[in-house]
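Residue 825 is where the first sequence ends in numbering that gives the first Met the number 0, and the numbering goes up by one at each step.
Using N, Cα and C, we set each Cβ at its ideal position, and we do this for glycine too.
Computed from a predicted model, the values in this text were never measured in an experiment.
One structure is given here, and the rest of the page talks about it.
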Amino acid sequence: MPLGLPVARLRYACDEMTATTSPSPPSLDAYDAGVVEAKWRRIWAERGDYRTDLGSSDRHFYNLAMFPYPSAEGLHVGHMVPYSGIDIYGRWRRLHGDNVFQPMGFDAFGIHSENYALKIGEHPAVVMRRAVANFRDNQLKMIGAMFDWDHQVNTAEPDYYRWTQWLFLRFFKAGLVEWRDGAVLWCPSCLTVLANEQVEQGRCERCDSIVENRWLRQWWFKITNYAQEMLDALDTLDWSESTKLMQRNWIGRREGARIVFDLEGCERRDVVVFTTRPDTLFGATFVVVAADHPQLEEFVPIDRRGELNAWRNRLPGPEAEPDFSVGINLGSTAIHPVTGARLPVWAAPYVLYGYGTGSIMAVPAHDDRDHAFATEHGLPVVEVISGGDVSRGAYSGHGEMVNSGDLDGMPSEEGRKRIVEMLERSHRGEATITYRMRDWLISRQRYWGPPIPIIHCPKDGQVPVPDDQLPVLLPEVRDFRPTGTGVSPLATVEEWVNVTCPVCGGPARRETDVSDTFLDSSWYYLRYPSTDVDGVAFDADRTDRWLPVNMYIGGNEHAVRHLLYSRFVMRALHEMGLVGAPEPFTKFRAHGMIVKDGAKMSKSRGNVINPDEYIEKYGADTFRLYLMFLGPYTAGGDFRDEGITGVTRFLQRVWRGTQNATVVEGGEDAERERRRHRLIGAVDEDIAELRYNTAIALLMEFSRELDHEAAAGNGRRIDAETLLLCLAPFAPHITEELWQRTGHEDSVHARGGWPRHDPELAARLEVEIAVQVNGKLRATLTVPAGAREEDLRQRALELPRIVELLAGREPRKVVAVVDRVVNIVI
RNA sequence: GCCGGGGUGGCGGAAUGGUAGACGCAGCGGUCUCAAAAACCGCCGGGGGCAACCCCGUGAGGGUUCGACUCCCUCUCCCGGCACCA
């Protein structure tokens, strides 16, 4: 970098600094993170510093990170990111005066724990209790977060799942639960059904087995009732845009039309199709019904049913790559609703029963899949929108209509409206909206979950277990292995299954499926504030006071499932009048994922980094700071520990600098006050935006300057205090110790303790202006802040270097920007 | 394939359209020391020059602008999500 006089001066100043820098006074003992951290964790716990008064009407702030799924492996480094991140945010809010509630719990039910228990041959309840104790006492408590352990939650304990069952019954009574047959995805290894969100590319997300299609009677939550509301409400939420976008895509709202085609040659009289492109109606050359359509037999002439069923039994599974050669001509005929043309009716797996109406009008000229299918089976392709070359492939853009009767020559966007109007007039169709999102399948044929609180009575049907008989305890069974027959292992516990019907008193059987783990976690944030209230899932007063959650941090891997289910549950409860707010999380930020060698950390990959050893070796403060300093909080990245010594040195400097900064009187120094106010303002802004890495960089810079000043004997006490307060959210133990050592009796984390920031005092008096010639830096200029453009121009043009470069030429133009730059164009 | 996000020193990363590389790691040089470690200080994108300085440089190419890492277009690679959704 081209540097002139200022550098020379800087060098000189530093040399001087070297001379005056002396080792720490002998009275200063060495910083021992282990001792300091243990001491303060003990004191905080004894004093109950972080027990929240939930009844108080103070400025409340509900600060939450997604709770962990306790597994035998323990928490890895990646888990510590959200917990450190939320704690920094919570401590910062507390310093700003909020009454912060920051609870923690355990998502302890579910297939993951159960699979592990099966593997090691222990009971899941035993494994779970051990894992929870390890997570809490050996790991979570070690990071020095201000979790309020008086309000922890464990979804696998009866005092929690009692209310999960209660919640199920509220939904049941509100008509939001259905027991119905449906095509479900079945994992042949986990031996249970999966929600479609739990299937990735045709494989089970837990065990990677190829999933199968099954037809089972199952419990469903009607989340699709809220598709539009949940989509609309996204606009009101302060969430990471990427997360909102994923939810929008998942909900998948599509505008289009339903169109009726009469049928001939089969039992069924007509078929309704859904299309997003009604403008292509004239290009429909055949109709396709989903291969998994439950009434497919009705679409085929009676004498061909055997053939159809034989074909159906040979279909490839759901994991197969799209194969457009698979299809069967059903032999019946569809009548085009406008032209009256006779179109063949086919069945194929490329059409899905679960979306739209389960049947389509195929327009091979303008849809890639229809084009591929038509090519495979020799079906006609008719172009109805110009703009592409339909002999080579489908053209799905817009254009001018052709081969469309009276509409020829019209832009297709316009034709779309005209065709819908035409269909509505003749009652052959209507404009409609369809969503990609499906209902939530919550049945699991497994053991380790809350039994669904329903009793099947031969006379009264599906009868809810009365509230006063909750919880339906999960029976202790010796053999909890999944059966693979489509029923849960609970079905083998005869004395548990056989009950009397609450309505008629006759013999009846319990529902033997348990509910999806995501149901447990869809309402845990409602439980935290009320864990100490008996007799209700969540106390109305507490809930109104504390919900919605003000800040929620978690991984984007839960962007659709957990966050969507939670929103649905909250919204439904709101509509039932049970909670005041329609949305559970006002603000949500996804943290970045820490990976190791480019892969997600997991035991199976053998790349798990255990945080315990780092905390043991460097201390929790250093570890927290290091994780936050790795990069932008919301970005994530590869875990390396090469840089951790930088943080160690930083804390050493803080330890030394703050204790040696003793100047109280005569420390009025306008320039240092300016620097101090700048620090407060900048750190404040950075924390608010979760820019923890840059906040730490500012603190490092400040601490080095303070350390130099302190070593020279003129470090200001007020600078030390400011540094400690601004650093406190990141490094809670060391700052508390130093706060005490520098003569304070209260806590550095006391509510409302954040240093006052005055933006005017933070403003710079002098600024350095870049002087460019044709956009290239040629000199700099130091001027009073706010100097006018005219003055900047004049001063710049007088600089010797600039005079030299101009060599007498007259500048064509001189651009000046206050406090920034002067650009001389020649 | 579609929808997002990104590509900046040896490395992690900073930069409201205005001095690219803050902060940190590693490296090099130094202070201290009998020595080493620790700690502290300095240097640290590439090239040229004795020096003053000059040229090049934010994935590639083009554009807008007095001025572009930042805005626009095309391409490319990486990461994430969705994926037979009509």
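### Task
Look at the alpha carbon of Val476 and the alpha carbon of Arg544, and state the distance between them as a whole number of angstroms.
41 Å
### Local Cβ density within 10 Å of Asn153, reported as buried at 16 or more and exposed below that
buried
### Query
Quick one: what does DSSP say Pro22 is sitting in, helix, strand or coil?
Low local confidence applies: a pLDDT of 39 at Pro22 is under 50, so the model's placement there is unreliable, and no value is given.
### Query
Going straight from the alpha carbon of Met79 to that of Asn555, what length do you get?
15 Å
### Task
Classify Ser70 as helix, strand or coil using the three-state DSSP reduction.
coil
#### Entry: Cβ-Cβ distance between Val824 and Ile801 below 8 Å
no
### Task
Quick one: give me the first and last residue of the alpha helix (DSSP H) that His732 is part of.
Pro731 to Arg740
### Task
Indicate the three-state DSSP secondary structure (helix, strand or coil) for Asp234 in the structure shown.
helix
### Bounding residues of the alpha helix (DSSP H) (the contiguous stretch that carries Asn248)
Glu240 to Ile250
### Task
Taking only the alpha-carbon atoms, compute the straight-line gap between Arg177 and His397 and give it to the nearest angstrom.
Looking at the sequence shown, residue 177 is not Arg but Glu. Taking the straight line joining both Cα atoms gives about 41 Å.
### Residue span of the alpha helix (DSSP H) that contains Leu422, given as start and end
Ser411 to Arg424
### Task
Identify which residue in Glu667, Asn659 and Leu737 has its Cα closest to the Cα of His707.
Asn659
### Message
Quick check on DSSP: helix, strand or coil for Glu744?
### Response
coil
### Residues near Trp162 in its chain [Cβ-Cβ closer than 6 Å; skip 5 each side]
Ala536
#### Entry: Paired residues, beta bridge with Ala719 - DSSP
Note: Ala719 sits in no beta bridge, so no partner.
### Task
From the DSSP output, in three-state form, read off Ser390 for me.
coil
### Task
Would you mind giving the Cβ-Cβ distance between Val559 and Trp522, rounded to the nearest angstrom? I have them listed as a contact below 8 Å.
Not quite, the Cβ-Cβ distance comes to about 17 Å (not below 8 Å), so this is no contact.
### Message
Could you check whether the region 285 to 301 touches the region 335 to 352, counting it as contact only if at least three pairs of C-beta atoms, one from each stretch, sit closer than 8 Å?
### Response
yes
#### Entry: For Thr338, the three-state DSSP class (helix, strand or coil)
coil
### Query
Exposed or buried, which one is Trp185 when buried takes at least 16 other CB atoms within 10 Å?
buried
#### Entry: Thr644 - containing alpha helix (DSSP H), residue span
Ile643 to Asn659
### Message
Taking the straight line between their C-alpha atoms, what separation do you get for Ile42 and Gly680?
### Response
31 Å
#### Entry: contact_flag[the region 798 to 814, the region 745 to 762] where n(CB pairs < 8 Å) is 3 or more
no
### Query
Considering only C-alpha positions, which residue in the set Met627, Gly448 and Pro728 is nearest to Asn692?
Met627
### Query
With a CB to CB cut of under 7 Å and the five nearest residues on each side skipped, what residues in its chain are close to Arg588?
Ser239, Ile552, Thr633 and Leu689
### Query
For Trp738, which residues of its own chain have a beta-carbon under 6 Å away from its beta-carbon, when the five flanking residues on both sides are left out?
Leu723 and Val747
### Message
For Ile142 and Asn133, I'd like the C-alpha separation in whole angstroms.
### Response
14 Å
### Message
Less than 8 Å between the C-beta atoms of Glu399 and Gly408, yes or no?
### Response
yes
### Query
Are there 16 or more other CB atoms within 10 angstroms of the CB of Gln444, so buried, or fewer, so exposed?
buried
### Cβ distance (whole Å) where Val210 is taken to contact Arg202 below 8 Å
7 Å
### Task
Tell me whether the beta-carbon of Leu314 lies closer than 8 Å to the beta-carbon of Pro348.
yes
### Beta-bridge pairing of Ser358 - partner residues as DSSP gives them
Val288
### Message
For Ile643 and Ala762, I'd like the C-alpha separation in whole angstroms.
### Response
34 Å
### Task
Look at Tyr82 and Gly109 and say whether their C-beta atoms are less than 8 Å apart.
no
### Task
Please say whether Arg570 and Met229 have beta carbons closer to each other than 8 Å?
yes
### For Gly181, the first and last residue of its enclosing beta strand (DSSP E)
Val176 to Cys186
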